[in-house]
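A.B. asks: Heads up: the sequence shown is residues -4 to 138, going by the working numbering.
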Amino acid sequence: MAYKKDQGRYARMTAFWALLLLLAYGCLGGAGLAATLRSWFPAWASPWMDRQPLIGEVDLAKAVTLGVLLAGGIWLHRTLNRPRAADMMIETEAELRKVTWPTGGEAWAGTVAVVLTVTALLVYLFAVDAVLASFMPGLMGVR
-4 MAYKKDQGRY ARMTAFWALL LLLAYGCLGG AGLAATLRSW FPAWASPWMD
46 RQPLIGEVDL AKAVTLGVLL AGGIWLHRTL NRPRAADMMI ETEAELRKVT
96 WPTGGEAWAG TVAVVLTVTA LLVYLFAVDA VLASFMPGLM GVR
């Protein structure tokens, strides 16, 4: 049974899905667990079943990886429902509700200010780099 089931629901869901997606990327992504197992144990790469719609070919490496992902998801669910973690998520959601969020216009004005400042800094640094690049060979005696 979940601890304080109806409180901090959005914070718990966000934390769970974000961490589960991170775990899935580590297991199934490019050089993740499945690829590592296939390189360590080449015999594990032979397919057991034909291509499946969501998971592709199933081999021992992918089966172990999916088992690790399932176990990690269960562990993550249990961890986020422990009283200490759940209380932190409940408090986090309560604090997020207290924040005065900027309006769309304020956010747009802040974004424009940041983009203009970064662009001005980019132009300045490019100019300084070009000037220094033209003077340095002469100062160092290299032609």
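Glycine included, C-beta positions come from ideal geometry on N, C-alpha and C.
1) Just reading off the alpha helix (DSSP H) that Arg4 is part of, what are its end residues?
2) May I have the straight-line CA-CA distance separating Gly99 from Glu88, to the nearest angstrom?
3) Does DSSP put Pro132 in a helix, in a strand, or in coil?
4) Any idea what DSSP makes of Pro78, helix, strand or coil?
5) I'd like to know if the stretch 61 to 72 and the stretch 16 to 35 are in contact, where contact means that at least 3 CB-CB pairs between them fall below 8 Å.
6) If you drop the 5 nearest sequence neighbours on each side, which residues of the same chain put their C-beta closer than 6 Å to that of Leu111?
7) For Val137, which of helix, strand or coil comes out of DSSP?
8) Would you give the residue range spanned by the beta strand (DSSP E) that Trp35 belongs to?
9) Pull up the CB-CB distance for Pro78 and Tyr(-2), whole angstroms please, since I reckon it's below 8 Å.
10) With Leu75 and Ala10 assumed to form a contact (beta carbons below 8 Å), what rounded beta-carbon distance in angstroms separates them?
C.D. replies: Put simply:
1) Arg4 to Leu23
2) 22 Å
3) helix
4) helix
5) yes
6) none
7) coil
8) Here Trp35 belongs to no beta strand (DSSP E); instead the alpha helix (DSSP H) covers Leu28 to Trp35.
9) 5 Å
10) 6 Å
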